[in-house]
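Colleague: In this note's numbering, the protein residues as written are 35 to 295.
Okay, here's the structure, questions in a sec.
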Amino acid sequence: MSSNTQTSSVSSPSRRVLLRTALAGTATAGSVLGLGSVFPASASEASADALDGGRPRSPEEALRRLAAGNRRWAAYRQQHPHESRSVRLQVAREQHPFAIVLGCVDSRVPPELVFDQGLGDLLTVRAAGEVLDEAVLGSIAYGVLELDVPLVLVLAHQSCGAVGAAVHADETGTQLPAHIQYLAEQIRPSIDHGQHGEARVAATIDAHARRTRDLLAAEPDLAGRIATGRLAVAVARYDLADQKVRMLRTETPRTETPLTE
Numbered sequence: 035m036s037s038n039t040q041t042s043s044v045s046s047p048s049r050r051v052l053l054r055t056a057l058a059g060t061a062t063a064g065s066v067l068g069l070g071s072v073f074p075a076s077a078s079e080a081s082a083d084a085l086d087g088g089r090p091r092s093p094e095e096a097l098r099r100l101a102a103g104n105r106r107w108a109a110y111r112q113q114h115p116h117e118s119r120s121v122r123l124q125v126a127r128e129q130h131p132f133a134i135v136l137g138c139v140d141s142r143v144p145p146e147l148v149f150d151q152g153l154g155d156l157l158t159v160r161a162a163g164e165v166l167d168e169a170v171l172g173s174i175a176y177g178v179l180e181l182d183v184p185l186v187l188v189l190a191h192q193s194c195g196a197v198g199a200a201v202h203a204d205e206t207g208t209q210l211p212a213h214i215q216y217l218a219e220q221i222r223p224s225i226d227h228g229q230h231g232e233a234r235v236a237a238t239i240d241a242h243a244r245r246t247r248d249l250l251a252a253e254p255d256l257a258g259r260i261a262t263g264r265l266a267v268a269v270a271r272y273d274l275a276d277q278k279v280r281m282l283r284t285e286t287p288r289t290e291t292p293l294t295e
């Protein structure tokens, strides 16, 4: 993603007003679901929920499906659903994904594996550091508006190289190669200067993911669906050490909720 791909929509006056509202936690606070009532309580319940064969229609159902899949992945009990011959023939004709996952390009965090999903289940959009540009926004809007996907999940991850590079450039004044510099500039507003060393990188990973969620939730095309309950934009982090995805709340104080425990 080069510097000339920065979104004109994010920089326009009307969008800036919406973004300020979202970042202040007012207009889009309701788009983060109550996690306590969303996730299955046991591995058996999670497995049954994940393979019930129906496409999730609500944000809550979509989150349950993702949680169930991550439980299987973290426990090394992947079921690799929706890979059969009949499914392959079906998705060749049409697709009905139930969630959009905006994740990093990191090779260790493929959404279909992390959530143990199959063909036609997820619309995945990947950009280093989950950085937004016009192509990313358009891809997400396509999934929401054209495919009627009820959930957008911003998925950050532990030890993100793009965030680490942005933090290092900010600390040292290093000018990164042009395309990578663009990424760093988009991440820079989220840098947590109250932390130091690796703690700064870790805090910035979470802060940038939350900010990305807020920017998405403020997009007019998405905000309208959020207001009616047809869509939720959530945020989570994948931890490489234990392979678990943890939801990141956007309320203050900031907390996280495991999907798999």
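Ideal Cβ placement from N, Cα and C applies to all residues, glycine included.
Within the continuous alpha helix (DSSP H) that includes residue 272, where are the two ends?
Modeller: First-last for residue 272: 266 to 273, but that is the beta strand (DSSP E), not the alpha helix (DSSP H).
Colleague: Mind reading off the beta-carbon distance from residue 188 to residue 269? Whole number of angstroms is fine, and I expect it under 8 Å.
Modeller: About 5 Å separates the two Cβ atoms, so the contact holds.
Colleague: Taking DSSP's pairing of strands, which residues face residue 137 in a bridge?
Modeller: DSSP output for residue 137 lists 160, 189 as bridge partner(s).
Colleague: Measure the alpha-carbon distance for residue 223 versus residue 234 and round it to whole angstroms.
Modeller: Each residue's alpha carbon lies about 13 Å from the other.
Colleague: For residue 151, does the count of other Cβ atoms within 10 angstroms reach 16, so buried, or fall short, so exposed?
Modeller: By the neighbour-count rule (16 or more Cβ atoms within 10 Å), residue 151 is buried.
Colleague: Starting from residue 217, trace the alpha helix (DSSP H) both ways and give me its first and last residue.
Modeller: It spans 212 to 221 - the alpha helix (DSSP H) in which residue 217 sits, taken as one unbroken run.
Colleague: Given this structure, state the Cα-to-Cα distance separating residue 119 from residue 183, to the nearest angstrom.
Modeller: Computed Cα separation, rounded: 24 Å.
Colleague: Please determine, among 238, 95, 265, 237, the residue with the shortest C-alpha to C-alpha distance to residue 250.
Modeller: Here the closest residue by C-alpha is 265.
Colleague: Restricting to Cα atoms, I'd like to know which of 260, 271, 191, 114 is closest to residue 94.
Modeller: Of the candidates 260, 271, 191, 114, the one whose C-alpha sits nearest the C-alpha of residue 94 is 260.
Colleague: Could you check the C-alpha separation between residue 176 and residue 124 for me, to the nearest Å?
Modeller: Cα-Cα distance, rounded: 21 Å.
Colleague: Taking the Cβ atom as the reference point for each residue, do residue 196 and residue 214 lie within a distance shorter than 9 Å?
Modeller: Result yes, Cβ atoms of residue 196 and residue 214 sit closer than 9 Å.
Colleague: DSSP on residue 105, reduced to helix/strand/coil?
Modeller: In this structure, residue 105 counts as helix in the three-state DSSP scheme.
Colleague: Round the Cβ separation of residue 155 and residue 116 to the nearest angstrom and send it over; I've been treating them as touching at under 8 Å.
Modeller: About 6 Å separates the two Cβ atoms, so the contact holds.
Colleague: Hey, could you find the ends of the beta strand (DSSP E) residue 282 is sitting in?
Modeller: Here the beta strand (DSSP E) through residue 282 covers 278 to 282.
Colleague: Relative to the alpha-carbon of residue 164, which residue among 181, 180, 194 has its alpha-carbon at the smallest distance?
Modeller: Closest by alpha carbon: 194.
Colleague: Can you give me the Cβ contacts of residue 133 inside the same chain, cut-off strictly under 7 Å, excluding the 5 residues immediately before and after it?
Modeller: Same-chain partners within the cutoff: 96, 100, 156, 183, 185, 187.
Colleague: Looking at the structure shown, is residue 208 part of a helix, part of a strand, or coil, going by DSSP?
Modeller: Looking at residue 208 - three-state DSSP - the assignment turns out to be coil, as it is neither helix nor strand.
Colleague: Take residue 276 as the anchor and find which of 90, 149, 108 has the nearest alpha-carbon.
Modeller: Ranking 90, 149, 108 by Cα distance to residue 276 puts 108 first.
Colleague: For the alpha helix (DSSP H) that residue 124 lies in, which residues bound it at each end?
Modeller: Unbroken alpha helix (DSSP H) run through residue 124: 119 to 127.
Colleague: Please state the DSSP three-state secondary structure of residue 262.
Modeller: Looking at residue 262 - three-state DSSP - the assignment turns out to be coil, as it is neither helix nor strand.
Colleague: Which same chain residues end up closer than 6 Å to residue 161 when comparing Cβ atoms and leaving out the 5 residues on each side of it in sequence?
Modeller: These residues qualify, in order along the chain: 170.
Colleague: Closer than 7 Å by C-beta to residue 179: which residues in its own chain qualify, once you throw out the five before and the five after it? Chain order, please.
Modeller: Once the five neighbours on either side are set aside, the close Cβ partners of residue 179 are 255.
Colleague: Which same chain residues end up closer than 8 Å to residue 209 when comparing Cβ atoms and leaving out the 5 residues on each side of it in sequence?
Modeller: Closer than 8 Å at Cβ, skipping near neighbours: 203, 215.
Colleague: When you compare each of 262, 257, 207, 136 to residue 173 by their alpha carbons, which one comes out closest?
Modeller: The shortest C-alpha separation from residue 173 is found at 136.
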